[in-house]
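Engineer:
In this note's numbering, the protein residues as written are 856 to 1246.
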């Protein structure tokens, strides 16, 4: 239940009344509404591109308690869109740096910094502390986890996502509305939707979507206006068009339907087909992929391997694996006749998505001995050679 301070003792001090004066003067907010905001508790899942403007505007609006959950650290490549951070924060845990910034914006707001990954083991306990969840996660496993936990906990879920120049946002589960699974019953196949690291994102786009998330959260708390429950808002930033798709509760939904089969968090990595490691990774390697550890071991042993880097030239200037040959994905097909069909090839990109397409292309072009480097150069930097810059 979203807290309601109407009829209770006034909680706002003189400094707060001055701080929020331009907001309180709105008849739809008023002093009672501002008190509701102060008593509200909101969990922001992700402190990145969407979470940055979201958290900033929630703090500025006077939300009493804001939870931030993120296990990542600030990287230089984040700063063009993650406006919570500055260059001096590079290397710091995101939630720690974000908490400092948010307390500086509004010292009346309490910040809970959860420096951890949201998982099926901790999500129910964490979400239980808050009234509303705003999900800005960048992966499908977390989106389905947040959805299911919100449904099971009876909490609204304001969810947004971005891709290149496009974004989408909806409010799930509020007032018995449809949930994320009603709209997307199944996740896309692994590797078919590249992350921002591979597809790119215009820095201002998450600002638009994250601000819309904050607006939805405020409307839910104030119980004013019409939320995006049962509506998916699509944003095309290049065309500057906003479109809307209506959707309803799915009677066969396994979590919010009348006969649910999901009554507790499940294994979302398995559900989304993104689990790696151990025997699973060995199996994957045998099916056309190789882990960064296995590649490093083979190179140390002197095995003859042709490394193909299918990223763009500017990416190679940021970071590379010694000895790799740069052939961007766009040029790969025309370069295939120049490759040695008898050689062993390992293809890599930033995170493994583009290189998976490259492997399929090379096999179609008659190069049989080719493997995709799982996790790309980013995994190489994290798990093999930390001197290789991440971006």
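C-beta atoms are modelled at their ideal positions from N, C-alpha and C, and glycine is treated no differently.
For residue 1099 and residue 1241, what's the separation of their Cα atoms in angstroms?
Structural biologist: Taking the chain shown and counting its residues from 1, the one referred to as residue 1099 is at position 244. Taking the chain shown and counting its residues from 1, the one referred to as residue 1241 is at position 386. Approximately 44 Å between the Cα atoms of the pair.
Engineer: Note the first and the last residue of the continuous beta strand (DSSP E) segment covering residue 950.
Structural biologist: By one-based count along the chain shown, residue 950 stands at place 95. Careful: residue 950 lies outside any beta strand (DSSP E), inside the alpha helix (DSSP H) at 949 to 960.
Engineer: Exposed or buried, residue 955, counting other C-beta atoms within 10 Å across all chains shown (16 or more means buried)?
Structural biologist: The residue labelled residue 955 in the question sits at position 100 within the chain shown. Under this definition residue 955 is an exposed residue.
Engineer: Measuring CB to CB, does residue 1065 end up less than 8 Å from residue 1107?
Structural biologist: By one-based count along the chain shown, residue 1065 stands at place 210. By one-based count along the chain shown, residue 1107 stands at place 252. Taking 8 Å as the Cβ cut-off, residue 1065 and residue 1107 do not qualify as a contacting pair.
Engineer: Could you give the distance in angstroms between the alpha-carbon of residue 1087 and the alpha-carbon of residue 1035?
Structural biologist: Mapped onto the chain shown, residue 1087 falls at position 232. Mapped onto the chain shown, residue 1035 falls at position 180. Cα to Cα, the separation comes out at about 10 Å.
Engineer: What separation, rounded to the nearest whole angstrom, lies between the Cα atoms of residue 940 and residue 1123?
Structural biologist: For the purposes of this step, residue 940 is taken as residue 85 along the chain shown, with counting starting at 1. For the purposes of this step, residue 1123 is taken as residue 268 along the chain shown, with counting starting at 1. Going from the Cα of residue 940 to the Cα of residue 1123 covers about 30 Å.
Engineer: Measure the beta-carbon distance from residue 1039 to residue 1010 and round it to whole angstroms, keeping in mind my assumption that it falls under 8 Å.
Structural biologist: Counting from one through the chain shown, the residue named residue 1039 turns up at place 184. Counting from one through the chain shown, the residue named residue 1010 turns up at place 155. No, residue 1039 and residue 1010 are not in contact; Cβ-Cβ is about 19 Å, not under 8 Å.
Engineer: So, for residue 1243: in the same chain, excluding its five sequence neighbours on each side, which residues have a beta-carbon less than 7 Å away from its beta-carbon?
Structural biologist: Translated into positions along the chain shown, residue 1243 becomes position 388. Hits under 7 Å: 1174, 1232, 1235, 1236.
Engineer: Closest to residue 1227 by CA distance: which of 1102, 991, 1042, 1201 is it?
Structural biologist: As a first step, residue 1227 is located in the chain shown; it is residue number 372 there, counting from the start. When only C-alpha atoms are compared, the closest one is 1201.
Engineer: Could you tell me the distance, in whole angstroms, from the CA atom of residue 1057 to the CA atom of residue 1097?
Structural biologist: By 1-based counting over the chain shown, the position of residue 1057 is 202. By 1-based counting over the chain shown, the position of residue 1097 is 242. Roughly 17 Å between the two C-alpha positions.
Engineer: Can you tell which of 1217, 1148, 962 has its C-alpha closest to the C-alpha of residue 1195?
Structural biologist: What you label residue 1195 is simply residue 340 of the chain shown in a count that begins at 1. Ranking the options by Cα distance to residue 1195, first place goes to 1217.
Engineer: Residue 942: which of 951, 948, 931 sits nearest, CA to CA?
Structural biologist: Residue numbering aside, residue 942 sits at position 87 when the chain shown is read from its first letter. The shortest C-alpha separation from residue 942 is found at 931.
Engineer: On the DSSP bridge list, what partners appear for residue 1084?
Structural biologist: As a working note, residue 1084 is residue 229 in the chain shown. Paired residues: 1026.
Engineer: Does the contact criterion of 3 or more C-beta pairs under 8 Å hold for the stretch 1110 to 1130 versus the stretch 1157 to 1172?
Structural biologist: The stretch 1110 to 1130 vs the stretch 1157 to 1172: no contact.
Engineer: Taking residue 1195 as part of the beta strand (DSSP E), name the residues at either end of that continuous run.
Structural biologist: Locating residue 1195 in the chain shown gives position 340, where the first residue counts as 1. Here residue 1195 belongs to no beta strand (DSSP E), and DSSP marks it neither H nor E.
Engineer: Ends of the alpha helix (DSSP H) at residue 1179?
Structural biologist: The sequence position of residue 1179 within the chain shown is 324, counting from 1. Looking at the DSSP string, residue 1179 is not in any alpha helix (DSSP H), and its letter there is neither H nor E.
Engineer: On the DSSP letters alone, give me the boundaries of the beta strand (DSSP E) that residue 990 sits inside.
Structural biologist: As a first step, residue 990 must be located in the chain shown, where it is residue number 135. That run of the beta strand (DSSP E) goes 987 to 990.
Engineer: Going by DSSP, name the residue or residues bridged to residue 846.
Structural biologist: Within the shown structure, residues of the chain are numbered from 856 to 1246, placing residue 846 beyond reach of any answer.
Engineer: Could you compute how far the alpha carbon of residue 1154 sits from the alpha carbon of residue 1176?
Structural biologist: Numbered from its first residue, the chain shown carries residue 1154 at position 299. Numbered from its first residue, the chain shown carries residue 1176 at position 321. Straight-line Cα distance between these residues: approximately 11 Å.
Engineer: Between 1185, 875, 1121, which lies nearest to residue 1209 when the distance is taken from Cα to Cα?
Structural biologist: Sequence index remark: in the chain shown, residue 1209 carries index 354 (1-based). Closest by alpha carbon: 1185.
Engineer: Give every residue of the same chain whose Cβ lies closer than 8 Å to the Cβ of residue 1251, excluding the five residues on either side of it in the sequence, and list them in chain order.
Structural biologist: Residue 1251 lies beyond the range of the chain shown here (856 to 1246); nothing can be said about it.
Engineer: Alpha carbon to alpha carbon, how far is residue 888 from residue 1132? Give it in angstroms, no decimals.
Structural biologist: As a first step, residue 1132 must be located in the chain shown, where it is residue number 277. As a first step, residue 888 must be located in the chain shown, where it is residue number 33. Legend: pLDDT at residue 1132 = 46, less than 50; position of this residue unreliable, no value from coordinates given.
Engineer: Just the C-alpha distance for residue 1032 and residue 993, rounded to the nearest angstrom, thanks.
Structural biologist: Numbered from its first residue, the chain shown carries residue 1032 at position 177. Numbered from its first residue, the chain shown carries residue 993 at position 138. Distance between the alpha carbons of residue 1032 and residue 993: 23 Å.
Engineer: If you run the structure through DSSP and keep just helix, strand and coil, what is residue 937?
Structural biologist: Within the chain shown, the letter at position 82 stands for residue 937. Three-state result, residue 937: coil.
Engineer: Specify whether the stretch 944 to 954 and the stretch 976 to 990 touch according to this definition: at least 3 beta carbon pairs, one from each stretch, less than 8 Å apart.
Structural biologist: No: the two stretches stay apart, fewer than three of their Cβ pairs being nearer than 8 Å.
Engineer: CB-CB under 8 Å to residue 1245, same chain, minus the five flanking residues each way: which ones, in chain order?
Structural biologist: Counting from one through the chain shown, the residue named residue 1245 turns up at place 390. Correct list, in chain order: 930, 932, 1174, 1233, 1236, 1237.
Engineer: In terms of alpha-carbon separation, which member of 874, 1223, 983 lies closest to residue 963?
Structural biologist: Stepping through the chain shown from its first residue, residue 963 is reached at position 108. Among 874, 1223, 983, the Cα nearest to that of residue 963 is on 874.
Engineer: Do residue 957 and residue 924 come within 8 Å of each other at the CB atom, strictly closer than that value?
Structural biologist: Looking up residue 924 in the chain shown gives position 69. Looking up residue 957 in the chain shown gives position 102. Going by C-beta atoms, residue 924 is not nearer than 8 Å to residue 957.
Engineer: Residue 980 to residue 1003, Cα distance in whole Å?
Structural biologist: For the purposes of this step, residue 980 is taken as residue 125 along the chain shown, with counting starting at 1. For the purposes of this step, residue 1003 is taken as residue 148 along the chain shown, with counting starting at 1. Their backbone Cα atoms lie some 13 Å apart in a straight line.
Engineer: Residue 1057 by DSSP, collapsed to three states: which one?
Structural biologist: Residue numbering aside, residue 1057 sits at position 202 when the chain shown is read from its first letter. Coil at residue 1057, not helix or strand.
Engineer: With DSSP run on the structure shown, which of helix, strand or coil describes residue 973?
Structural biologist: Residue numbering aside, residue 973 sits at position 118 when the chain shown is read from its first letter. Three-state result, residue 973: coil.
Engineer: Return the CA-CA distance between residue 918 and residue 1043, expressed in angstroms with no decimal places.
Structural biologist: The residue you call residue 918 lines up with position 63 of the chain shown. The residue you call residue 1043 lines up with position 188 of the chain shown. The alpha-carbon atoms of residue 918 and residue 1043 are separated by roughly 35 Å.
Engineer: Among residues of its own chain, excluding the 5 on either side of residue 1170, which ones have a beta-carbon nearer than 7 Å to its beta-carbon?
Structural biologist: What you label residue 1170 is simply residue 315 of the chain shown in a count that begins at 1. Excluding sequence neighbours, residue 1170 sits near 1205.
Engineer: Once DSSP output is grouped into helix, strand and coil, what is the label at residue 1164?
Structural biologist: Position 309 of the chain shown, counting from 1, holds the residue named residue 1164. Strand.
Engineer: Buried or exposed: where does residue 908 fall if 16 or more other Cβ atoms within 10 Å of its Cβ makes it buried?
Structural biologist: Reading the chain shown from its first residue, position 53 is the one you call residue 908. Under this definition residue 908 is a buried residue.
Engineer: Tell me residue 1067's beta-bridge partners as DSSP assigns them.
Structural biologist: In the chain shown, the residue the question calls residue 1067 occupies position 212. For residue 1067, which the question treats as bridged, DSSP gives no partner whatsoever.
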